[in-house]
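Colleague: Position one of the sequence shown corresponds to residue 143 (my numbering), numbered consecutively onward.
All residues carry an ideal CB built from backbone N, CA and C; glycine is no exception.
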Amino acid sequence: MMENVGVYKCPECGTEVNEKYVFCPVCGGKLDWHNLINKENRILLKKEIAPMIKLIEVYNPQVASKAKPGQFVILRLHERGKRFPITISGASPEDGTIRLVFNEVGTATKQLGSMNVGDRIMNMPGPLGNPTKIRNYGTVLCFGGGVMIGPMFWIASALKKAGNYIINVIGARTKELLFFEDKFREISNEFYVATDDGSYGYKGLDFLRKILDNRDIDFVYGTSVATATLREICRITEPFGIKTVVALTPIMVDGSGMCGACRVTVGGERKFACVDGPEFDGHEVDWDSLEKRKRMYTLEERILSVFSEVSGFSS
Ligand SMILES: Cc1cc2nc3c(=O)[nH]c(=O)nc-3n(C[C@H](O)[C@H](O)[C@H](O)COP(=O)(O)OP(=O)(O)OC[C@H]3O[C@@H](n4cnc5c(N)ncnc54)[C@H](O)[C@@H]3O)c2cc1C
Ligand code: FES
């Protein structure tokens, strides 16, 4: 069961009221989430920004005051729920909120997508992982793919503020799955769009070679849940000798370096993405082993997804 029990303090008369009321039973004052006594981990804003992609803002002043671009939280929605990581796409220490953008791909993310404003995430430790190294590199090419366009916007904005010349590239399978285009245009020195099917912008990522051919680029930063896309970007940048940092998304469980689920091989060494990453030098990553490990539970995930749809069981 989702933990949604909350107590509201009526703004008109100060009475403490159980959330089943929309109006205060004493004075008739209207109650909404602003009046919640315990707002911790409540969803305060929810928007669908592309098909199956949602943006939420969650109240958690502790995480919001410490979060930096590139870090993530691990969500657990309810007692029986699994832990799953989502990268922080923005934080407002003043409002005590963090922003998350997520794709509804399986049981946990679909359940998060079904939660509404006022609902409470059971726990959400963070910020986890190392922040992106924001500094003045010179000319930086930033690539955000699919749902990771969300966190990429926060990272690219910070790199722009640090004085870099920013070439932003966003990519998705099709035009419909793109979002934040206008926001990216505002912070870009140059801006490009790519789709796998060519329905908008460049088809595929080959065009990046031309950009790299025509410019002196000091640093490339890439983020995408699709490992093959990051691998392709690294393949493109390697012959140019451009330092390429990528944010990896291996399977994670505890997010604290204890369980070993997120291990990756980088430069021949074993690393844990949750504590040593999630960002690594893309030219040093053992991509074959990462792809193999990410596919390890595909069958179980499908079975669970079908089972939960049929039975209403929640993971
Ligand atoms: C550090 C980190 C940051 C992440 N940030 C985001 C984010 O900001 N937004 C977002 O939408 N997702 C993000 N992810 C991926 C997200 O954690 C998974 O999509 C989620 O765990 C899926 O859980 P589920 O129960 O909904 O689906 P499942 O049933 O577990 O999986 C459904 C499908 O998604 C695939 N999948 C599951 N986990 C991953 C993964 N880690 N990488 C790629 N494919 C996966 C499965 O192979 C399967 O095909 C991140 C992952 C990591 C490790
Ligand atoms: S998620 Fe367990 S060690 Fe990283």
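Considering only residues of the stretch 205-252, which uninterrupted alpha helix (DSSP H) runs meet the minimum length of 4 residues and lie entirely inside it, listed in chain order?
Modeller: The stretch 205-252 contains no whole alpha helix (DSSP H) run of 4 or more residues.
Colleague: Below 7 Å between beta carbons: does that hold for Asn306 and Tyr279?
Modeller: Closer than 7 Å, so yes.
Colleague: Alpha carbon to alpha carbon, how far is Val168 from Gly212? Give it in angstroms, no decimals.
Modeller: Going from the Cα of Gly212 to the Cα of Val168 covers about 47 Å.
Colleague: When we look at the beta-carbon of Met143 and count the other beta-carbons within 10 Å, is it buried (16 or more) or exposed?
Modeller: With a pLDDT of 42 at Met143, under the threshold of 50, the predicted position of this residue should be treated as unreliable, though the coordinate-derived value follows. By the neighbour-count rule (16 or more Cβ atoms within 10 Å), Met143 is not buried but exposed.
Colleague: In angstroms, rounded to a whole number, what distance separates the CA positions of Val387 and Ile378?
Modeller: Answer to the nearest angstrom: the Cα atoms are 13 Å apart.
Colleague: Any idea what DSSP makes of Lys303, helix, strand or coil?
Modeller: In this structure, Lys303 counts as helix in the three-state DSSP scheme.
Colleague: Of all the options Lys325, Pro269, Val200, Asp428, which has the alpha carbon lying nearest to the alpha carbon of Val417?
Modeller: Closest by alpha carbon: Pro269.
Colleague: By how many angstroms is the C-alpha of Arg225 removed from the C-alpha of Ser231?
Modeller: Taking the straight line from one Cα to the other gives about 19 Å.
Colleague: Can you find at least 3 beta carbon pairs, one from the stretch 301-317 and one from the stretch 248-255, that sit closer than 8 Å?
Modeller: Contact fails: fewer than three Cβ-Cβ distances are below 8 Å.
Colleague: Over what stretch of residues does the beta strand (DSSP E) that includes Cys416 continue unbroken?
Modeller: It is not in any beta strand (DSSP E) - Cys416 instead sits in the alpha helix (DSSP H) that spans 415-418.
Colleague: How many Å lie between Glu145 and Asn265 at the Cα?
Modeller: Confidence at Glu145 is low in this model, with a pLDDT of 48, below 50, so its placement is unreliable and the value that follows should be read with caution. The alpha-carbon atoms of Glu145 and Asn265 are separated by roughly 10 Å.
Colleague: Taking the C-alpha atoms as reference points, what is the distance between Gly340 and Lys151?
Modeller: Their backbone Cα atoms lie some 53 Å apart in a straight line.
Colleague: Counting C-beta neighbours from all protein chains within 10 Å, is the total for Val352 16 or more, i.e. buried, or is it exposed?
Modeller: A quick correction: the sequence has Lys, not Val, at residue 352. With fewer than 16 Cβ atoms within 10 Å of its Cβ, Lys352 is classed as exposed.
Colleague: So Glu374 packs on Leu347, CB below 8 Å; how close in whole Å?
Modeller: About 6 Å separates the two Cβ atoms, so the contact holds.
Colleague: If we count the other Cβ atoms within 10 Å of its Cβ and call it buried at 16 or more, is Val397 buried or exposed?
Modeller: In the sequence on display, residue 397 carries Gly and not Val. Its Cβ being crowded by 16 or more others within 10 Å, Gly397 is buried.
Colleague: Gly288 and Asn245 look like a contact to me (Cβ under 8 Å); what is the Cβ gap, rounded to whole Å?
Modeller: With a Cβ gap of about 7 Å, Gly288 and Asn245 count as contacting.
Colleague: Do you know how far the Cα of Leu390 is from the Cα of Thr369?
Modeller: Between Thr369 and Leu390, the C-alpha separation is close to 7 Å.
Colleague: Within the continuous beta strand (DSSP E) that includes Lys151, where are the two ends?
Modeller: Run containing Lys151: 149-151, per the beta strand (DSSP E) assignment.
Colleague: Compute every distance between the C-beta of Val215 and the non-hydrogen atoms of ligand 2, then say whether any falls below 6 Å.
Modeller: The answer is no for Val215.
Colleague: Where does the unbroken beta strand (DSSP E) through Glu190 begin, and where does it stop?
Modeller: 185-192 is the extent of the beta strand (DSSP E) around Glu190.
Colleague: Can you give the Cα-Cα distance for Arg327 and Thr274, rounded to whole angstroms?
Modeller: Each residue's alpha carbon lies about 21 Å from the other.
Colleague: Got a sec? Which residues, its chain only, sit under 7 Å from Ala206 by beta carbon, not counting five neighbours each side?
Modeller: Closer than 7 Å at Cβ, skipping near neighbours: Ala233, Ser234, Pro235, Gly238, Thr239, Ile240.
Colleague: Buried or exposed: which applies to Val200, given that a residue is buried once 16 or more other Cβ atoms fall within 10 Å of its Cβ?
Modeller: Buried.
Colleague: For the alpha helix (DSSP H) that contains Lys275, what are its first and last residues?
Modeller: Segment: none, Lys275 is in no alpha helix (DSSP H) and carries neither H nor E.
Colleague: Does the Cβ of Ala250 lie closer than 6 Å to at least one heavy atom of ligand 1?
Modeller: Yes - ligand 1 has a heavy atom lying nearer than 6 Å to the Cβ of Ala250.
Colleague: For Cys155 and Leu178, what's the separation of their Cα atoms in angstroms?
Modeller: Going from the Cα of Cys155 to the Cα of Leu178 covers about 14 Å.
Colleague: What does the alpha-carbon distance come out to for the pair Glu158 and Leu173?
Modeller: Approximately 11 Å, taken between the alpha carbons.
Colleague: By a C-beta neighbour count over all protein chains shown, 10 Å radius and 16 as the cutoff for buried, is Tyr222 buried or exposed?
Modeller: It should be pointed out that residue 222 corresponds to Arg in this sequence rather than to Tyr. Exposed, because fewer than 16 other Cβ atoms sit within 10 Å of the Cβ of Arg222.
Colleague: Would you give the residue range spanned by the alpha helix (DSSP H) that Lys196 belongs to?
Modeller: Unbroken run through Lys196 is the beta strand (DSSP E), 195-201; no alpha helix (DSSP H).
Colleague: Does any heavy atom of ligand 2 sit closer than 6 Å to the C-beta of Asn414?
Modeller: Per the sequence presented here, residue 414 reads as Phe, with Asn not at that position. It does: the Cβ of Phe414 is within 6 Å (strictly closer) of some heavy atom of ligand 2.
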